[in-house]
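In this text, residue positions in the sequence shown follow the working numbering: the first is 49, and each later residue adds one.
No residue lacks a Cβ here, since even glycine has one placed at the ideal position from N, Cα and C.
Every value quoted in this text rests on a predicted model; they were computed, and no experiment measured them.
Right, one structure below, let's go through it.
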Amino acid sequence: MSQTNWEADKMLDVYIHDYLVKRDLKASAQAFQAEGKVSSDPVAIDAPGGFLFEWWSVFWDIFIARTNEKHSEVAVSYIEIPEYMT
C-alpha cells in the first residue's frame, strides 16, 4: 500500500474489510469490497484480530472506565494521566 493512499475514508474501508475477513465473514467481506471498491492490498497494520477490533477494544475499555464502575485498571490509569499533567 503506497503512502499516497492514506485518505481517511479509504483507510477506514480497508480496515472494515480486514475486520470482516478476520471474522470469517466471507460473503460480507466480498460484497463490501466489491461495492466499496476496496483495495485488495495487504493492510499496513496487520493485527491478529484486525486493527479495527484492536482499536475498538481500547476505545471501549476507556469509554467504560469513564461511564461505569466495571473497568480495567489500565483504562483508569490512562484517564488519570491528563489530570496529573495540569
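- With a threshold of 16 other beta carbon atoms within 10 Å, Asp66 meets it and is buried.
- Within the region 88–114, there are no complete beta strand (DSSP E) runs of at least 3 residues.
- By the neighbour-count criterion, in which a residue is buried when 16 or more other Cβ atoms sit within 10 angstroms of its Cβ, Ala79 is exposed.
- Judged by DSSP in its simplified three-state form, Val86 adopts coil rather than helix or strand.
- Here Val91 is near Val62, since their CB atoms are less than 7 Å apart.
- DSSP, reduced to helix, strand and coil, places Asp57 within a helical segment of the structure shown.
- Scanning Phe99, Phe111, Asp109 for the CA closest to the CA of Met59 turns up Phe99.
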